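The structure appears right after this line, and notes come after that.
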Amino acid sequence: MSADNLIRFHRSLQQKTRRSLAASALFVAAGCIAASFGMIRLFTALGGGPLNYSGNTDSLSLVFAEVSTVLVMLLPSLFLFVTAYVLLNSHSLGWKFSSATTLTAIVLWFFLHIANSDLFLVIGVLSLLATVIEIPNIRSSDNEDSPVVTENLGRFAVTLCGLVAIGLLVGLLLYIGIRGAVYLSPTFITGSWTWPNAQKFLGGTVSSLGGIRDEIIGSLLLVSVCETVAIPLGLGAAIYLAEYSSENVITDTVRFFIETLAGVPSIIIGLMGYALFVVQLHFGYSLLGGGISLAFMILPWNIRIAEEAMKAVPQSYREASMALGATHWQTVRRAVLYASSPGILTGILLGLGAALGETAVVLLTGSGWGGTTTLHLALTGAAIPSLPVWIFMAPTLLLGGGGKGRLVEGYNMMLTGSFVLVVMFLAICAVALIVRNHLTKKITGK
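Note that the sequence shown covers residues 444 to 889 in our numbering.
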């Protein structure tokens, strides 16, 4: 650090009140204490360094799990340091952060006291002292918020949220990939699966595991039937709500029921699909029943997102189209839908991801509890294999009565299927994003 920077830092400290400095120091101390617990756990897990890593899958996954736990434990310390920064600059959010931290830490200590965890008690006491010290500055700090401090705080918050979101996705993929890499092979993707053969493989009596080809194809077929039903219905309802309906009580009621349907648990939709398609219509567990049930599950998302995307199209597009002599339907079809296509595609993509990974609905309407592994292309009368159901049923049909070692191997096998499912979704997302970016560039010219 240069002499000029030291001088500036010294002058900035002179401008701070003693109360702000003391309160900030207490939160820095609390942050260091919170961070120390995470670092102690990290070094304990690694045995003082990374040399304890033995190179096998179980050891690597253990290290990864411990590092993830440490990162979660370090998040409170980041909040404490941010609170110290806000208090140091006499920002009006300082006493609010400090009070919230005090209350949260004491409540957590109360509930975790049975586990002899005094970390939150220490943080709560330090936060309480900082809050008491900061109380006289509350009135003066309300009107003295520095734009620079607010900007830095907002930038840090959104950056941290982005990093956490990206870290969760990367961490999930790494963990699943590492644990599932043991069985990931071309044969596992292209082969046929039977539960008895897999049990013999885990028992060491056969050398060939088989594969989940039929489960992959079955999941794609279910999603195809789902989107075939959901896209026309969802797009039609969205066009009506956005372009043709008037704002009245009936329209508001329709939107309310659509949003309510979006919040209905998937198990309820699965039960309704079972009662309608499996029992009343005598489809049995079938591709058609499972696909239509999935369509009703994702229909609210398609409607609401497509409606909002069409409402976001500038009114000038409609006026220009009608000024050239186009009818209302021609305007909607050639101008509004075209301009809103990137947003509509995003809604379809979200629904597709939910349908691809859904288990309860498919279990009750499409695949059944038997964990079928035989692919039949009939729309009704035959259960359809599904990758999420395969993953769900594996503990029952694969690991029953197994020992600890067998359970570990079966867990890795399930994670292999999970990794394939995630990669399938990411591949579909990549294609959809390329198409969406192409449409956006074509529409905006950028």
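Cβ coordinates follow ideal geometry from the N, Cα and C atoms, glycine included.
Predicted, not measured: the structure shown is a model, and the values here were computed from it.
Are the CB atoms of residue j and residue i within a distance shorter than 8 Å?
i      : j      : result
Ser910 : Gly654 : This structure cannot settle anything about residue 910, because the visible part of the chain is limited to 444 through 889.
Gly827 : Ser810 : Before going further, note that residue 827 is Ile rather than Gly in the sequence given. Cβ atoms of Ile827 and Ser810: closer than 8 Å.
Ala527 : Val471 : yes
Gly853 : Ala837 : yes
Val895 : Val756 : One cannot answer for residue 895 here, as it falls past the ends of the chain, which runs 444 to 889.
Leu663 : Leu737 : no
Leu675 : Ala705 : Rather than Leu, the amino acid found at residue 675 in this sequence is Pro. No.
Phe868 : Gly800 : yes
Gly481 : Leu523 : no
Ile900 : Val863 : In the structure as shown, the chain begins at 444 and stops at 889. Residue 900 is therefore absent and cannot be evaluated.
Asn745 : Ala673 : yes
Glu686 : Met765 : no
Leu807 : Gly716 : yes
Ser520 : Ala478 : yes
Ala825 : Ser688 : no
Write down the C-beta distance between residue i and residue j rounded to the nearest angstrom, noting that I regard them as a contact closer than 8 Å.
i      : j      : result
Ala473 : Leu569 : 4 Å
Thr774 : Thr637 : With a Cβ gap of about 56 Å, Thr774 and Thr637 do not count as contacting.
Gly794 : Ile712 : Actually they do not touch by this definition, with Cβ atoms about 13 Å apart.
Gly860 : Leu830 : 6 Å
Leu684 : Thr696 : Wrong, their Cβ atoms sit about 12 Å apart, outside the cutoff.
Gln642 : Leu841 : 6 Å
Gly732 : Val721 : 6 Å
Using only CA atoms, which one of the options lies nearest to residue i?
i      : options                        : result
Gly734 : Gly481, Gly647, Leu822         : Leu822
Leu530 : Leu518, Ala468, Phe480         : Ala468
Val525 : Gln773, Arg598, Pro675         : Arg598
Arg622 : Ala875, Met856, Arg879, Ile886 : Met856
Ala465 : Phe480, Ala573, Val649         : Ala573
Ala749 : Thr808, Thr703, Ser784         : Ser784
Leu858 : Ala752, Gly647, Ile834         : Ile834
Leu820 : Glu658, Leu840, Thr770         : Glu658
Val865 : Phe540, Ile619, Cys604         : Ile619
Ala782 : Ser759, Glu702, Cys669         : Ser759
Ala803 : Val832, Thr648, Arg747, Ala718 : Val832
Glu670 : Gly796, Leu521, Ile886         : Gly796
Ala680 : Ile701, Pro590, Val692, Glu690 : Ile701
Phe739 : Val707, Ile483, Ala825, Ala477 : Val707
Ile871 : Leu615, Thr703, Ala798         : Ala798
Arg747 : Arg656, Gly824, Thr703         : Thr703
Arg698 : Ala825, Gly677, Leu617         : Gly677
Arg776 : Ile682, Gly727, Val513         : Ile682
Thr435 : Pro639, Ala600, Asn691, Cys604 : The first residue shown for the chain is 444 and the last is 889, placing residue 435 beyond what the model contains.
Gly610 : Leu514, Ile483, Arg656         : Leu514
Runs of 4 residues minimum, wholly inside the region 689-768: which ones carry the alpha helix (DSSP H) assignment? 692-705, 709-716, 730-754, 758-766
Specify whether the region 618-633 and the region 873-888 touch according to this definition: at least 3 beta carbon pairs, one from each stretch, less than 8 Å apart. no
Mind listing, in chain order, the continuous beta strand (DSSP E) runs of no fewer than 3 residues lying wholly within the region 607-654? none
Length-filtered (4 minimum) alpha helix (DSSP H) runs lying within the region 773-826: 780-800
Would you mind listing the alpha helix (DSSP H) stretches within the region 654-693 that are 4+ residues and don't spill past its ends, in chain order? 656-682
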